[in-house]
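Reading through the structure tokens given below for one structure.
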Amino acid sequence: MTAVLIDCDPGIDDALALALAVASPELEVRAVTCVAGNRPVAVTAVNARRLLDLFGRPDIPVYAGGARPLLYPEPRTNLVHGEDGLGGVVLGRDARPVAAEHAADALAHLLLSPSGADLTVVAMGPLTNLALAEIRHPGLLARARGIHIMGGAVHCPGNVTPAAEFNFWADPAAAHVVMTAGARLNVFPLDVTGQAAMTPAWLAGLAARPAKSARALAAMLAVYGAQDPLLHDACPVAALLRPRLFSGAAGRLEVEWRPGPEEGRSRLHPDGEATAMINTGLDTDGLLSLMAERLASLP
Ligand code: RIB
Ligand code: CA
Numbered sequence: 058m059t060a061v062l063i064d065c066d067p068g069i070d071d072a073l074a075l076a077l078a079v080a081s082p083e084l085e086v087r088a089v090t091c092v093a094g095n096r097p098v099a100v101t102a103v104n105a106r107r108l109l110d111l112f113g114r115p116d117i118p119v120y121a122g123g124a125r126p127l128l129y130p131e132p133r134t135n136l137v138h139g140e141d142g143l144g145g146v147v148l149g150r151d152a153r154p155v156a157a158e159h160a161a162d163a164l165a166h167l168l169l170s171p172s173g174a175d176l177t178v179v180a181m182g183p184l185t186n187l188a189l190a191e192i193r194h195p196g197l198l199a200r201a202r203g204i205h206i207m208g209g210a211v212h213c214p215g216n217v218t219p220a221a222e223f224n225f226w227a228d229p230a231a232a233h234v235v236m237t238a239g240a241r242l243n244v245f246p247l248d249v250t251g252q253a254a255m256t257p258a259w260l261a262g263l264a265a266r267p268a269k270s271a272r273a274l275a276a277m278l279a280v281y282g283a284q285d286p287l288l289h290d291a292c293p294v295a296a297l298l299r300p301r302l303f304s305g306a307a308g309r310l311e312v313e314w315r316p317g318p319e320e321g322r323s324r325l326h327p328d329g330e331a332t333a334m335i336n337t338g339l340d341t342d343g344l345l346s347l348m349a350e351r352l353a354s355l356p
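Heads up, the sequence shown is in this note's numbering, so the first residue is 58 and it goes up one at a time.
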């Protein structure tokens, strides 16, 4: 059993990643922390609460965290996932409240606890919460068993500027703090998530399932797919379940944190010690069949 904390900004591909995680018995999801990203943190946190309730996991605590990037006064959001962050798909009655503790404090408490060394952090939004926790507790992230990150674009263009992928662009300074924290990083940039495209047949298979979760996910993905068919955030979760679906190499990954047209760019530094595993290869069919298999078990 792998203990995980998922830090996210739901977000429709985040919703799919959460579904995959809670539907997989190999994973113990200890907490979900939320951050401003696709939508403001008040939206992403309620979305995470609603999604976990839909997936039959009201027991998993949800924490709201960073409302803005480290260096900027306002959050950097997008409308790819719709105003409500879930493609307008209504998930039933009003959401229950999220936990009172700040996400960065919840992350720190889990990593500082005696079982903190067993925890894998899976980050699939801007890295504000991880950076805040590391700044408050230097050396914190290095305590984790591993940190899986969806973010960056190394040998391919960005998806929000030519230089940068959205998660690293939305809080470049936070990405820099995490990249330089000395943690065991396993990074899933657009180089690999750009291969994680859902197919119409796969989506139709999900939509045909009778369960409420599958139908809601299919409806969200239909909206999302019109703009971005790539299941970015499923990758760092799937790698915990079937690591052989992925391939890559270690390298020293740096993020341009200084304001300007290059901010958020991730690049490999030619010298020095490797700081991360950078994934570039994916068995797309294997990923899609893993998700179809696991999502079938959701209520
Ligand atoms: O660039 C893709 C990433 O940005 C995904 O995590 C998506 O949810 C958005 O947060
Ligand atoms: Ca995300």
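Glycine residues also receive a C-beta, built at the ideal position from the N, C-alpha and C atoms.
In whole angstroms, what separates the C-alpha of G113 from that of N104? Here residue 113 corresponds to residue number 56 of the sequence shown, with the count starting at 1. Here residue 104 corresponds to residue number 47 of the sequence shown, with the count starting at 1. Spanning the two alpha carbons is a distance of roughly 14 angstroms.
Considering only residues of the stretch 138 to 180, which uninterrupted alpha helix (DSSP H) runs meet the minimum length of 4 residues and lie entirely inside it, listed in chain order? 160 to 169
Can you tell me the Cβ-Cβ gap for V244 and I335, rounded? I've got them flagged as a contact below 8 angstroms. Translated into the one-based positions of the sequence shown, residue 244 becomes position 187. Translated into the one-based positions of the sequence shown, residue 335 becomes position 278. Going by Cβ atoms, the distance from V244 to I335 rounds to 5 angstroms, so yes, they are a contact pair.
Neighbourhood of A254 by C-beta distance below 6 angstroms, restricted to the same chain and skipping five residues each side: Residue numbering aside, residue 254 sits at position 197 when the sequence shown is read from its first letter. Same-chain partners within the cutoff: P286, L287.
Taking 6 angstroms as the cut-off, is the C-beta of G321 nearer than that to any heavy atom in ligand 2? Within the sequence shown, residue 321 is the residue found at index 264, counting from 1. For ligand 2, not one heavy atom lies less than 6 angstroms from the Cβ of G321.
Alpha-carbon spacing of S270 relative to L73, whole angstroms: On the sequence shown, residue 270 is found 213 positions in, with the first residue counted as 1. On the sequence shown, residue 73 is found 16 positions in, with the first residue counted as 1. S270 and L73: Cα-Cα distance of roughly 10 angstroms.
Inter-residue Cα distance where the pair is I69 and R266: If you number the sequence shown from 1, residue 69 lands on position 12. If you number the sequence shown from 1, residue 266 lands on position 209. C-alpha separation (whole angstroms): 18 angstroms.
Quick one: is the Cβ of D248 within less than 6 angstroms of any heavy atom of ligand 2? Taking the sequence shown and counting its residues from 1, the one referred to as residue 248 is at position 191. No, the Cβ of D248 stays beyond 6 angstroms of every heavy atom of ligand 2.
By a C-beta neighbour count over all protein chains shown, 10 Å radius and 16 as the cutoff for buried, is T90 buried or exposed? Position 33 of the sequence shown, counting from 1, holds the residue named residue 90. Label assigned to T90: buried.
Rounded to the nearest angstrom, what separates A231 and G182 at their Cα positions? Taking the first residue of the sequence shown as 1, we reach residue 231 at position 174. Taking the first residue of the sequence shown as 1, we reach residue 182 at position 125. In a straight line, the C-alpha of A231 is about 11 angstroms away from that of G182.
Cβ-heavy atom distance between D71 and ligand 2 below 6 angstroms? For this step, residue 71 is matched to residue 14 along the sequence shown. At least one heavy atom of ligand 2 is nearer than 6 angstroms to the Cβ of D71, so yes.
If we count the other Cβ atoms within 10 Å of its Cβ and call it buried at 16 or more, is M58 buried or exposed? Along the sequence shown, read from residue 1 onward, the residue named residue 58 stands at position 1. Per the 10 Å Cβ criterion, exposed.
Should A273 be labelled buried (16 or more other beta-carbon atoms within 10 Å of its own) or exposed? Here residue 273 is taken as the residue at index 216 of the sequence shown, counted from 1. A273 comes out buried.
Buried or exposed for P229, going by 16 or more other Cβ atoms inside 10 Å? Translated into positions along the sequence shown, residue 229 becomes position 172. Under this definition P229 is a buried residue.
Return the Cβ separation of G61 and A80 in integer angstroms, given the expectation that the two are a contact with Cβ distance under 8 angstroms. Looking up residue 61 in the sequence shown gives position 4. Looking up residue 80 in the sequence shown gives position 23. The amino acid occupying residue 61 in the given sequence is Val; Gly does not appear at that position. Rounded, the Cβ-Cβ distance is 13 angstroms, inconsistent with contact.
Local conformation of H205 per DSSP, three classes: Sequence index remark: in the sequence shown, residue 205 carries index 148 (1-based). Three-state DSSP puts H205 in a strand.
Classify S172 as buried or exposed, calling it buried when 16 or more other Cβ atoms lie within 10 Å of its own Cβ. Taking the first residue of the sequence shown as position 1, residue 172 is located at position 115. Under this definition S172 is an exposed residue.
Taking DSSP's pairing of strands, which residues face H134 in a bridge? Sequence index remark: in the sequence shown, residue 134 carries index 77 (1-based). The question names His, but residue 134 in the sequence shown is Thr. Note: T134 sits in no beta bridge, so no partner.
Roughly how many angstroms separate the alpha carbons of G174 and I206, rounded to a whole number? Start at 1 with the first residue of the sequence shown, and residue 174 comes out as number 117. Start at 1 with the first residue of the sequence shown, and residue 206 comes out as number 149. Reading off the sequence shown, one finds Ala at residue 174, where the question assumed Gly. Each residue's alpha carbon lies about 18 angstroms from the other.
Output the residue ranges of the beta strand (DSSP E) runs that lie fully inside the stretch 208 to 289 and measure 3 residues or longer, sorted by chain position. 242 to 245
Where R87 sits in the DSSP three-state scheme: Reading the sequence shown from its first residue, position 30 is the one you call residue 87. Looking at R87 - three-state DSSP - the assignment turns out to be strand.
Please tell me whether, using a cut-off of 6 angstroms, the distance from the CB of D64 to the nearest non-hydrogen atom of ligand 2 is below it. The residue labelled residue 64 in the question sits at position 7 within the sequence shown. Checking the Cβ of D64 against ligand 2 gives no.
Less than 6 angstroms between the CB of D328 and some heavy atom of ligand 2, yes or no? Your numbering for residue 328 matches position 271 in the sequence shown. No, since every heavy atom of ligand 2 falls outside the 6 angstroms radius drawn around the Cβ of D328.
Distance between R153 and P118 (C-alpha atoms, nearest Å): Working through the sequence shown from its first residue, we reach residue 118 at position 61. Working through the sequence shown from its first residue, we reach residue 153 at position 96. Straight-line Cα distance between these residues: approximately 11 angstroms.
Under the three-state reduction of DSSP, which class applies to N336: helix, strand or coil? Working through the sequence shown from its first residue, we reach residue 336 at position 279. If DSSP states are grouped into helix, strand and coil, N336 belongs with the strands.
With contact counted as at least three CB pairs below 8 angstroms, one residue from each stretch, are the stretch 123 to 140 and the stretch 95 to 102 in contact? yes
For R324, which three-state DSSP category applies? Here residue 324 refers to the residue found at position 267 when the sequence shown is read from its first residue. Strand, per DSSP.
Looking only at its chain, what residues have a beta carbon closer than 7 angstroms to the beta carbon of G262, apart from the 5 residues adjacent to it on each side? Residue numbering aside, residue 262 sits at position 205 when the sequence shown is read from its first letter. The residues are A349.
Cβ neighbour criterion (16 or more within 10 Å) applied to V147: Along the sequence shown, read from residue 1 onward, the residue named residue 147 stands at position 90. By the neighbour-count rule (16 or more Cβ atoms within 10 Å), V147 is not buried but exposed.
Using CA coordinates, which residue listed in I192, T337, G338, A210 is at the minimum distance from E320? By one-based count along the sequence shown, residue 320 stands at place 263. Considering only alpha carbons, the answer is A210.
Among V179, L325, S346, which one has its Cα closest to the Cα of V86? The count along the sequence shown starts at 1 and reaches residue 86 at position 29. That would be V179, whose Cα lies nearest to the Cα of V86.
Tell me, please, which residues DSSP counts as bridged to I63. For the purposes of this step, residue 63 is identified with residue 6 of the sequence shown, where counting begins at 1. Per DSSP, V89, V179.
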